[in-house]
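Trainee: Can you keep this structure in mind? I'll have questions shortly.
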């Protein structure tokens, strides 16, 4: 699977936990495609590492933070529902919608993520 909107930067801490950070800013017409991409990635992670989401330092294999805002910096409601494996998202009324997605994970999670989404470090 290739990603068209999310372009991740990779970093790693001293314990080997990987962190992938992406930001995408799109006009209203592209919000559905961006939302579908975010949903696809998070759905994959929830299925592939089912029941293992949580802070790494507490024994989780992976975790994420998702934020969205409009041009004025006002937060937009973007939430992934693990039970339904669906993303609930709201586009900016006009202007651009900016989404930030940070994913952290163990070495095993990172390898699977790289392979599934053809990511480079």
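Numbering (the working numbering), first residue to last: 10 to 130. Even glycine gets a Cβ: it sits at the ideal position worked out from N, Cα and C.
#1: Just to confirm, are residue 20 and residue 70 a CB contact at a threshold of 8 Å?
#2: From this set, 65, 87, 13, 37, which residue's C-alpha is nearest residue 22's C-alpha?
#3: Residue ranges of each alpha helix (DSSP H) run of no fewer than 4 residues wholly in the segment 20-62, ordered along the chain?
#4: Starting from the C-beta of residue 119, find all residues in its chain whose C-beta is less than 6 Å away, skip the five residues before and the five after it, and write them out in chain order.
#5: From the DSSP secondary-structure annotation, give me the bridge partner or partners of residue 135.
#6: With residue 75 as the anchor, note down where its beta strand (DSSP E) starts and where it stops.
#7: For residue 85 versus residue 47, is the C-beta distance shorter than 8 Å?
Mentor: Straight from the coordinates:
#1: no
#2: 65
#3: 40-57
#4: 27
#5: Because the chain spans 10 through 130 in this model, residue 135 falls outside it and cannot be assessed.
#6: 71-79
#7: no
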